[in-house]
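Student: Pasting a structure here, questions to come.
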Amino acid sequence: MYLLFQQKVYDEAEALLLELAPGTDKLIKAPEPVTFKALGNSGVISQLVTVYRAQGKNQLADQLASRLKLIDQEDLVENAFNFEVQNDLVLAEVKAAQQHYDQAMNYLQSAIDKGFLLNWRVLIAYNPVFTALHKDPRYIALINQLETEALRQKALQQVVDQR
């Protein structure tokens with residue numbers, strides 16, 4: 026997805042997302058979902074919103090992003106999806122898709138503060154949903170923080186391997 030987005034082949038990105046989660050585009054005209062199961066894959070929805078914005082389909086993006094309002098911190102906890110770091114990443118994607126960038130940054134920072142490091146390049150740095158944040162100084166600092174921690178852990182592993 027990241028490569029398609031970077032190459033600006035948005036139609037292909039849209040087709041891939043709709044292939045991964047068939048029917049996601051139909052959420053726009055469907056009654057508002059009232060359960061997580063009815064909502065579908067929030068990650069795919071967030072990425073599809075980002076693709077629609079890149080295509081200039083802002084009204085469509087806004088309509089689809091409004092479906093994500095079902096997902097907030099209270100709902101995740103209430104519905105037993107309480108995996109703290111994962112919740113923060115989901116909420117960051119949702120808030121970025123809704124163009125609530127300050128809230129997205131807060132959730133990303135919260136995930137990092139809770140120890141998130143696994144697959145950060147894929148889940149954060151290469152995630153098209155966060156493209157709008159790439160020039161934000163807080164986002165840049167967050168990526169630098171992740172890079173520094175990854176290098177620190179790599180150096181520690183090399184020390185352990187030499188023993």
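Residue numbers for the sequence shown, in the numbering used here: 26 to 188. Note that CB positions come from ideal geometry on N, CA and C, so glycine has one too.
Would LEU116 be called buried (16 or more neighbouring beta carbons within 10 Å of its own) or exposed?
Tutor: With 16 or more other Cβ atoms within 10 Å, it is buried.
Student: Would you grab the beta carbon distance between ALA86 and VAL74 for me? Rounded to a whole angstrom, and I think it's under 8 Å.
Tutor: That belief holds up - the Cβ atoms of ALA86 and VAL74 are roughly 5 Å apart, short of 8 Å.
Student: LEU158 and TYR132: beta carbons closer than 9 Å?
Tutor: Not in contact: LEU158 and TYR132 (Cβ atoms no closer than 9 Å).
Student: When DSSP labels each residue in this structure, what does GLU99 get in the three-state scheme?
Tutor: A caution first: GLU99 carries a pLDDT of 49, below 50, which makes its placement in the model too unreliable to give a value.
Student: Is LEU42 close to the ligand GDP? I mean its beta-carbon at under 8 Å from any heavy atom of the ligand.
Tutor: In terms of ligand content, the structure shown is empty, and the ligand GDP therefore cannot be addressed.
Student: Near LEU142, what residues of its chain come up, given a Cβ to Cβ distance below 8 Å and the 5 sequence neighbours on each side ignored?
Tutor: Cβ neighbours of LEU142 beyond the five flanking positions: LEU171, GLU174, ALA175, GLN178.
Student: Helix, strand or coil: how does DSSP classify ASP50 here?
Tutor: Of the three classes helix, strand and coil, the one that applies to ASP50 here is helix, per DSSP.
Student: Out of LEU28, SER67, ALA79, GLN111, which has the shortest C-alpha to C-alpha gap to LYS94?
Tutor: Cα-wise, what sits closest to LYS94 is SER67.
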